[in-house]
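First residue of the sequence shown: 10, per our numbering; consecutive thereafter.
Backbone N, C-alpha and C fix where the C-beta goes; we use that ideal spot for every residue, glycine too.
Below you'll find the structure, written out as structure tokens, and then a few comments.
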Amino acid sequence: MQYPTINQVKAEIASVEQTDFGFELYDSTGATYQTKKLVLATGVNETFPNIEGFYSFYGKSLFVCPFCDGWEMRDQPLAIVSESPHVFFTLPKWSTIGAKI
10 MQYPTINQVK
20 AEIASVEQTD
30 FGFELYDSTG
40 ATYQTKKLVL
50 ATGVNETFPN
60 IEGFYSFYGK
70 SLFVCPFCDG
80 WEMRDQPLAI
90 VSESPHVFFT
100 LPKWSTIGAK
110 I
């Protein structure tokens with residue numbers, strides 16, 4: 010694991026309760042987990058481009074979202090490839106965090 014303060018557990022969560030500490034999660038086996046923060050990741054089905062060599066770079070230096078997936082690459086030059094024009098409305102936000110686009 011790349012982040013030493015994060016513990017990864019594969020479990021099916023049956024219920025969640027908010028506590029003074031943060032949250033208590035109960036899995037389907039009855040185990041209890043405590044955490045200060047809770048992220049609900051529901052998943053995304055992404056359609057990747059048919060570009061030769063794409064998967065040899067994906068997750069290393071090629072990311073779908075520079076904020077979500079490419080944080081370790083921050084403050085480095087950034088190239089954007091998009092089929093959607095909406096991405097260009099986010100460019101001013103990216104350039105204010107030090108990215109060279």
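Enclosing beta strand (DSSP E) for residue i [first to last residue]
| i | result |
| --- | --- |
| Tyr64 | Taken as a continuous stretch (DSSP letters only), Tyr64 belongs to no beta strand (DSSP E), being part of the alpha helix (DSSP H) at Phe63 to Phe66. |
| Tyr42 | Thr41 to Thr44 |
Between the CA atoms of residue j and residue i - distance to the nearest angstrom
| i | j | result |
| --- | --- | --- |
| Tyr67 | Ala88 | 14 Å |
| Leu71 | Thr99 | 18 Å |
| Thr56 | Cys77 | 17 Å |
| Ser65 | Gly39 | 40 Å |
| Asn54 | Ile22 | 22 Å |
Selected residue, minimal CA-CA separation from residue i, among the options
| i | options | result |
| --- | --- | --- |
| Val96 | Asp78, Gln85, Glu81 and Val73 | Val73 |
| Ala20 | Cys77, Thr41, Val53 and Phe32 | Thr41 |
| Gln43 | Lys69, Tyr64 and Thr28 | Thr28 |
Proximity test, Cβ basis, 7 Å: residue i and chain D
| i | result |
| --- | --- |
| Leu34 | Annotation note: the requested chain D is absent from the structure, which comprises a single protein chain. |
The stretch 45-57 in contact with the stretch 17-36 per 3-pair CB rule at 8 Å:
yes
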